[in-house]
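Chemist: One structure is given below, represented as structure tokens, and several questions about it will come after.
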Amino acid sequence: MLLVVAVVVIVLVVRATAAAGSEVRPPRQARRPRPPQAARPVAPDDDPEFLRELARRVRRDDGSPA
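Just remember that this note's numbering sits 692 ahead of the position in the sequence shown, which is counted from 1.
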């Protein structure tokens, strides 16, 4: 009996949310186009700052294990 009541409640909730979602909405306003952003590196080896930091670490490394 409890299972039947639970199923009926779930069906009613699903139908209520589906009916609420079918309302006619006003059209969305078009977004303003974003200004073009500077091209960013895709991978670390494309990033000049990363490569400088890597070179600095290699120069600083004395060869001893970490």
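Here a beta-carbon is modelled for each residue, glycine too, at the ideal position from N, C-alpha and C.
When the Cα atoms are used, what is the spatial distance from residue 700 to residue 710?
Modeler: If you take the alpha carbons of residue 700 and residue 710, they lie about 15 Å apart.
Chemist: Assuming residue 747 is part of the alpha helix (DSSP H), what are its boundary residues?
Modeler: Run containing residue 747: 740-752, per the alpha helix (DSSP H) assignment.
Chemist: If you draw a straight line from the C-alpha of residue 727 to the C-alpha of residue 745, how long is it?
Modeler: If you take the alpha carbons of residue 727 and residue 745, they lie about 30 Å apart.
Chemist: Note down the Cα distance separating residue 752 from residue 735, rounded to an integer number of angstroms.
Modeler: So the alpha carbons of these two residues sit roughly 24 Å apart.
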